[in-house]
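Protein chains in written order, with my numbering: chain A, 276 to 465; chain B, 41 to 422; chain C, 18 to 86; chain D, 44 to 572.
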């Protein structure tokens with residue numbers, strides 16, 4: 276029957292459309308990353324790795340503010356060795372963050388960087404950063420974590436200060452994945 | 041939650057207290073910054089535009105309702121399109137909107153001005169308090185709600201600044217460009233002070249910025265504006281704007297206080313002193329979750345009364361209070377409280393509500409632990 | 018033949034633009050429905066949405082350049 | 044429902060009447076039965092969601108914590124939102140579409156009757172799961188109906204998994220319903236019922252159905268990502284693993300903004316049926332309405348981030364979404380002019396459906412105005428997440444969507460039951476609702492402007508007066524809905540019969556079948572001139 280066939284074809288198409296849209300929902304994730312790269316939307320630094328040396332623009336100096344944040348449940352002491360830097364665009368700058376683990380257990384941490392204003396993110400090249408890898412520390416241990424970056428000479432004139440923050444997350448294997456259950460079961464007495 | 045009697049009591053209290061503060065506030069406040077005043081002007085402009093459109097549209101409508109009713113013998117006129125009229129009533133609102141977009145864009149650009157600031161303050165949202173770090177000033181504190189539980193529970197008349205009062209104000213200098221760097225420790229919060237027209241989300245793992253330049257000294261109150269869990273409604277913001285000289289004075293005072301506090305940790309405290317201070321600290325920092333009676337709200341917030349931690353090994357107890365418990369709501373309090381406060385509250389937890397270990401934890405003991413663990417790092421040493 | 022296609026595209030385009038504005042006369046609509054095809058309208062509609070996005074982006078850039086930010 | 048059980052005798056002897064007993068409702072493939080089921084279900088959800096709203100308003104009657112704990116308060120606001128959006132408004136529109144679309148286009152039934160049965164019957168399971176989370180350990184979802192990560196992932200109660208499954212089932216139901224409606228409209232129109240002649244309700248539903256197919260899978264996708272983050276260790280929204288909580292908001296509002304139109308376009312359709320009937324005049328600018336609705340559907344995908352102006356978008360992003368939002372507000376707003384022009388120089392009468400429709404136009408426009416104010420990004424910094432927003436979307440959804448549903452029910456109820464409405468009771472219900480709704484939601488504008496954030500269980504003293512007023516209004520509005528229930532039941536049981544046309548000015552195929560509409564209609568397709 277013609278009508279039934281027309282129905283079947285239409286339904287198949289519509290079903291396919293909804294499956295495609297389900298896929299599109301997931302495709303939004305990489306699309307968003309591309310979008311952020313282009314617009315600096317979420318202050319993610321995308322320029323990493325070695326850079327070619329360029330002429331340093333000594334006429335201009337940019338304030339770089341370094342910030343450290345501990346995410347919830349992260350007991351490490353964590354902070355930049357210098358919290359405010361003056362950097363000439365094009366200049367290779369080396370600094371460090373220090374972390375120490377005051378607990379008695381071995382812990383693994385991941386630092387997540389973020390830049391404000393977001394527009395500045397694409398002009399900040401990170402040549403070497405401790406945030407590329409996770410960091411493990413024995414109980415009572417301490418570490419100096421290097422950070423090497425360069426500000427692009429193309430940084431828009433209107434930007435005078437760049438804030439670079441690192442948030443330290445606890446990703447110790449004995450807690451990840453069970454995090455949610457622990458909270459809720461609350462078998463713990465405190 | 042309560043019996044009928046407490047409800048009635050609460051009602052009568054609330055009625056009597058609120059009538060004294062009745063305000064019937066209708067509108068945005070123009071605020072105390074240049075930006076907030078332009079926001080207010082924009083708001084009023086768009087509001088009057090809406091009123092004007094409303095008067096015209098509803099005017100025509102009610103005129104039709106009145107004159108073109110069948111009971112008045114109205115006959116339907118059969119017209120059902122008129123392209124010119126339709127184009128006109130599309131273009132006119134479009135023009136109005138474009139006219140509106142111009143000042144709106146200008147204000148927005150002003151809000152995003154990225155010229156250099158004179159003072160940087162980092163604001164970190166926690167469940168359910170704010171932390172203010174004056175970068176370059178070696179000053180860092182938490183700001184907790186101080187409204188007593190009894191007022192919230194209607195057992196006591198409510199104060200003037202009910203739910204909008206905190207233990208430590210964010211003190212800022214006037215006539216100074218201040219950059220606010222926002223982030224969060226756990227979930228998304230949003231820092232909002234209406235008088236400054238600043239509202240920015242604090243997102244965990246990310247940094248956001250806003251700026252303000254306050255014109256008039258005064259106390260400006262705001263609240264968290266993004267649902268962040270149970271006590272979202274109980275983490276107010278209080279900004280105290282003071283003239284720059286007074287601000288410097290305040291900085292000096294706070295730093296002196298900090299030194300005094302360190303000295304206080306050296307002195308020896310009696311159990312009673314610790315208990316008295318411990319109770320205050322407990323009600324401020326712990327009671328929201330573990331409850332004033334120490335019974336908690338299991339399973340998320342376990343009881344402390346009779347708990348094996350509070351009655352067991354003191355080292356474990358201190359460790360949990362200082363460093364928190366990973367993956368639970370229990371936070372690390374090492375940065376939030378001073379050594380003497382920590383000692384007092386741990387002592388209190390071990391000796392209140394029938395927990396009677398008789399043990400006193402001394403501030404110097406805590407200070408040693410804090411220093412011993414953290415001496416490799418000068419956090420905020422700048 | 019060639020001009021016919023161009024003309025039809027043009028008519029569809031006009032229909033879509035009229036939709037974005039929110040005004041279309043009954044007679045024009047009748048012609049759209051008689052001659053146009055739904056698929057063409059959807060395709061041109063989506064294309065015009067992309068054009069709309071580009072237009073707004075240009076508008077933003079222009080506004081920013083004027084305000085000097 | 045006794046009167047619906049009796050199929051009209053005569054006409055189509057080759058068809059059976061409805062089965063008897065509960066089996067009729069469980070196994071029915073009849074569009075009228077399924078429409079009825081959807082409508083009753085939605086009424087039930089409306090009442091449950093309404094009880095939650097009244098609990099919320101009671102807690103907010105006075106400053107201080109009286110009735111509920113802050114944690115439970117958050118569960119209430121979350122469940123209220125989810126139940127009203129997915130349980131009351133959307134199923135009600137699907138129910139009206141089930142009943143009326145085949146009648147309006149001259150189809151004997153929906154294109155896919157068995158799928159129609161499934162798409163309804165999985166809904167009660169979805170909501171049973173959702174409501175049961177209230178009794179689970181750790182409580183119901185407490186992260187708001189917008190469920191922003193990480194509050195809804197890392198920090199969520201365990202019941203979030205059930206919430207995710209409930210959303211999946213609702214999504215499947217909506218998608219099946221939408222496919223069915225599209226297939227019915229495109230393939231089952233009576234000869235001569237060209238697309239150009241479709242009633243506006245059918246047009247708006249066709250466009251809504253396409254929107255549903257486009258965005259419900261995205262919602263399913265976003266909750267699936269949450270599920271994976273929570274249970275399978277992925278990091279879509281978890282910053283620690285390289286994800287981004289703000290990404291959640293983008294994906295959510297990519298669904299969420301078209302969802303707003305899903306909840307309002309069918310309302311435009313209903314009102315565009317009712318106003319011409321009681322103005323005794325054809326709809327002004329029918330063609331414009333169709334074109335504008337279709338283009339709004341496409342453009343609604345381009346403005347999502349105006350819900351997130353404070354999240355820290357770059358300046359370019361803020362300006363883009365502000366301009367785009369203001370531009371697409373125009374074709375939406377112009378519809379109001381069309382309705383007014385329809386009434387202008389008509390011959391108006393004010394039966395209950397018309398009263399609701401007029402109230403819709405006025406109050407929806409007020410909601411539109413506040414929407415326009417919210418579109419101005421710099422001012423939105425002051426409005427965002429305050430009671431001003433609460434006032435705005437309640438004006439759009441309660442006297443907007445809900446009033447249009449009530450208008451539609453009053454308008455078509457005589458057709459469904461064959462009995463006349465009790466007009467005075469209908470008007471009484473209208474005036475109570477109208478007054479109640481305004482007392483409830485109008486003061487919320489003031490509260491928001493004065494600085495009261497949304498989703499808080501307790502507030503500072505300067506907000507006390509208007510909160511008290513709003514609570515009083517909420518109780519007036521809430522209890523007057525019992526009048527609605529009474530009116531519906533009364534109409535079903537009444538003995539006063541009506542003609543096929545029911546309303547003097549009503550035109551269209553649905554008014555040509557007898558009242559009550561027989562169990563099977565249009566079995567021989569009518570010819571449309």
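No residue lacks a Cβ here, since even glycine has one placed at the ideal position from N, Cα and C.
ask   = If you run the structure through DSSP and keep just helix, strand and coil, what is residue 56 of chain C?
value = If DSSP states are grouped into helix, strand and coil, residue 56 of chain C belongs with the helices.
inquiry  = Taking 9 Å as the threshold (beta carbon to beta carbon), is residue 408 of chain D in contact with chain B?
reply    = At least one chain B Cβ lies under 9 Å of residue 408 of chain D.
request  = Could you work out which residues of chain C lie near residue 377 of chain D, taking near to mean beta carbons separated by less than 9 Å?
outcome  = Within 9 Å Cβ-Cβ: 38, 39 and 40.
ask   = Per DSSP, what kind of secondary structure is residue 102 of chain D in: helix, strand or coil?
value = Note: residue 102 of chain D maps to helix in three-state DSSP.
Classification of residue 293 of chain D by the beta-carbon crowding that lies within 10 angstroms, buried from 16 upward = Classification of residue 293 of chain D: buried, given that the 10 Å Cβ count is 16 or more.
query = In chain C, which residues lie with their C-beta within 7 Å of the C-beta of residue 199 of chain D?
reply = Listed along the chain, the chain C residues whose CB falls inside 7 Å of the CB of residue 199 of chain D amount to none; the nearest CB is some 35 Å away.
ask   = Between the stretch 72–85 of chain C and chain B, which residues of the former have a C-beta closer than 8 Å to a C-beta of the latter?
value = Flagged, chain order: 80, 81 and 84.
query = Three or more C-beta pairs closer than 8 Å, one from the stretch 111–122 of chain D and one from the stretch 152–166 of chain D: is that the case here?
reply = Short answer: they don't touch.
message = Taking the straight line between their C-alpha atoms, what separation do you get for residue 288 of chain B and residue 173 of chain B?
response = Using only the alpha carbons, I get a separation of about 16 Å.
ask   = So what's residue 195 of chain B in DSSP terms, helix, strand or just coil?
value = Looking at residue 195 of chain B - three-state DSSP - the assignment turns out to be coil, as it is neither helix nor strand.
key: Spatial distance of residue 538 of chain D from residue 232 of chain D (CA atoms)   = So the two alpha carbons sit approximately 33 Å from each other.
task = Take the Cβ of residue 403 of chain A as the centre, count every other Cβ of all protein chains shown within 10 Å, and call the residue buried at 16 or more, exposed below.
result = Flag for residue 403 of chain A reads exposed.
key: Under 8 Å by beta carbon: chain C residues contacting residue 127 of chain B   = Residues of chain C passing the Cβ test: 38 and 40.
Reduced DSSP category for residue 41 of chain B - H, G, I as helix; E, B as strand; rest coil = Because the pLDDT at residue 41 of chain B is just 40, under 50, the model does not fix this residue reliably, and the point stays unresolved.
message = Within the continuous alpha helix (DSSP H) that includes residue 29 of chain D, where are the two ends?
response = With chain D covering only 44 through 572, there is no way to say anything about residue 29 of chain D.
ask   = By how many angstroms is the C-alpha of residue 312 of chain B removed from the C-alpha of residue 193 of chain D?
value = Roughly 42 Å between the two C-alpha positions.
query = So, helix, strand or coil for residue 133 of chain B, using DSSP?
reply = Looking at residue 133 of chain B - three-state DSSP - the assignment turns out to be helix.
key: Residue of B:321, B:362 and B:74 minimising C-alpha distance to residue 186 of chain B   = For the residues B:321, B:362 and B:74, the minimum Cα distance to residue 186 of chain B belongs to B:321.
query = In angstroms, rounded to a whole number, what distance separates the CA positions of residue 276 of chain B and residue 165 of chain B?
reply = Computed Cα separation, rounded: 11 Å.
Which residues DSSP lists as bridging residue 242 of chain B, in chain order = DSSP lists B:229 as partners of residue 242 of chain B.
ask   = Under 9 Å, do residue 317 of chain B and residue 384 of chain B count as touching if we go by C-beta distance?
value = Yes, they are a contact pair.
message = Counting only Cβ pairs nearer than 7 Å, list the residues of chain D close to residue 248 of chain B.
response = Residue 248 of chain B reaches chain D at 355, counting residues in chain order whose Cβ is nearer than 7 Å.
task = Give a yes or no on contact between the stretch 217–225 of chain D and the stretch 285–302 of chain A, applying the rule of three or more CB pairs nearer than 8 Å.
result = Between the stretch 217–225 of chain D and the stretch 285–302 of chain A there are three or more C-beta pairs closer than 8 Å, enough to call the two in contact.
query = Any Cβ of chain C within less than 9 Å of the Cβ of residue 145 of chain B?
reply = For residue 145 of chain B, the answer is yes, since a Cβ of chain C falls inside 9 Å of its Cβ.
ask   = According to the neighbour-count rule (16 or more other Cβ atoms, all chains shown, within 10 Å of its Cβ), is residue 51 of chain C buried or exposed?
value = So residue 51 of chain C counts as exposed.
ask   = Do you know whose CA, among D:467, D:412 and D:270, lies nearest residue 205 of chain D's CA?
value = For residue 205 of chain D, the nearest C-alpha among the options comes from D:270.
query = Once you ignore the five residues that flank residue 573 of chain D on each side, which residues in its own chain have a CB closer than 6 Å to its CB?
reply = Residue coverage of chain D in this structure runs from 44 to 572, which leaves residue 573 of chain D outside it and unanswerable.
query = Got a sec, what are the start and stop residues for the beta strand (DSSP E) residue 388 of chain A sits in?
reply = Run containing residue 388 of chain A: 382–391, per the beta strand (DSSP E) assignment.
inquiry  = I need the boundaries of the beta strand (DSSP E) containing residue 549 of chain D, first residue and last residue.
reply    = Neither: residue 549 of chain D is in no beta strand (DSSP E) and is coded neither H nor E.
Partner residues on chain A for residue 290 of chain D, Cβ-Cβ distance less than 7 Å = Below the 7 Å Cβ cutoff, chain A contributes 304 and 307 as neighbours of residue 290 of chain D, in chain order.
inquiry  = Counting only Cβ-Cβ distances shorter than 7 Å, please list the residues of the stretch 66–79 of chain B near chain C, keeping chain order.
reply    = Listed in sequence order: no entries.
query = In angstroms, rounded to a whole number, what distance separates the CA positions of residue 231 of chain B and residue 549 of chain D?
reply = Between residue 231 of chain B and residue 549 of chain D, the C-alpha separation is close to 54 Å.
key: Alpha-carbon to alpha-carbon, residue 185 of chain D and residue 565 of chain D   = Just so you know, the alpha carbons of residue 565 of chain D and residue 185 of chain D end up roughly 48 Å apart.
key: 7 Å Cβ cut-off: residues of chain B touching residue 43 of chain C   = Listed along the chain, the chain B residues whose CB falls inside 7 Å of the CB of residue 43 of chain C are 121.
task = Could you tell me whether any Cβ in chain G is nearer than 9 Å to the Cβ of residue 421 of chain A?
result = Looking at the structure shown, chain G is missing, and the protein chains on hand are A, B, C and D.
request  = Give the C-beta separation of residue 33 of chain C and residue 367 of chain D to the nearest angstrom, bearing in mind that I take them to be a contact with Cβ-Cβ under 8 Å.
outcome  = Incorrect: roughly 17 Å between the Cβ atoms, too far for contact.
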